[in-house]
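One structure is given here, and the rest of the page talks about it.
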Amino acid sequence: AEEIATLREEAATLRRERDDLESRLKRKQAEFQNYKKRQQDRLERQRARATEDLVEDLLEVRDNLSRALEQDENADIREGVEATFRGLDDVLDGQGVEPIEPEPGTETDPKRHEVLLRVKSDEPAGTVAELHRPGHEMAGKVLRTAQVTVADGSSEPDEDETEDGESNDDETGDTERNE
128 AEEIATLREE
138 AATLRRERDD
148 LESRLKRKQA
158 EFQNYKKRQQ
168 DRLERQRARA
178 TEDLVEDLLE
188 VRDNLSRALE
198 QDENADIREG
208 VEATFRGLDD
218 VLDGQGVEPI
228 EPEPGTETDP
238 KRHEVLLRVK
248 SDEPAGTVAE
258 LHRPGHEMAG
268 KVLRTAQVTV
278 ADGSSEPDED
288 ETEDGESNDD
298 ETGDTERNE
């Protein structure tokens, strides 16, 4: 009987410890959920603030464009548009946005370049022949790919060659077949 009483006492102690641990676990889970929510709120506030800063900078550029449009319609507004363009580039630079402007002859990178066409070019096959629209990246992430044409490996016909591959090397105008 004494042994049964001891076992009941141990069982009661173990139940209290279990209840205490369950209670502590539930508190920790609630604290963690609250922590996650606070972190999410903080992150959203940071994003909103970053967006606000960018919008404020872009509003200045917008104001410059608006002033340029308000000019007399006969006025040369090129200088104003160029200044606004420089201002926009400054805003983008300030945000860490970098242009993607591959030079002709650069190897194409499918992550950074969108190939529009394959064209005849003096550039090596598979390399950039011409840039049509620059791309942009920020913090290593491509925001917009650069649009390019790519060399197909054949070069433009020489001035001395006709469209059908005949050569006009003879000053008399006679053509002979290139073989």
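Count the sequence shown with the working numbering and you get residues 128 to 306, in order. A virtual CB, placed ideally from N, CA and C, is assigned to each residue, including glycine.
- R271 and P226 have their C-alpha atoms roughly 9 Å apart.
- With a 10 Å radius around the Cβ and a threshold of 16 neighbouring Cβ atoms, P251 comes out exposed.
- Taking a contact as a CB-CB distance under 8 Å, the pair V188 and V218 counts as one, their CB atoms being some 6 Å apart.
- For R143, the secondary structure class from DSSP, reduced to helix, strand or coil, is helix.
- In this structure, DSSP gives K247 a state outside helix and strand, which the three-state scheme calls coil.
- Here I227 is bridged, per DSSP, to G262.
- Annotation: T211 is outside any beta strand (DSSP E); the continuous alpha helix (DSSP H) that includes it extends over R205 to G221.
- Residue range A273 to A278 is occupied by the beta strand (DSSP E) that includes Q274.
- Counting the other Cβ atoms within 10 Å of the Cβ of G262 gives 16 or more, which makes it buried.
- Contact between the region 206 to 216 and the region 254 to 269 is absent: fewer than three C-beta pairs spanning the two stretches fall below 8 Å.
- From the listed residues R154, N191, K155 and F159, the smallest Cα separation to A210 is found for N191.
- Residue pairing of T254 in beta bridges, as defined by DSSP: E234.
- Just so you know, the alpha carbons of P229 and S248 end up roughly 16 Å apart.
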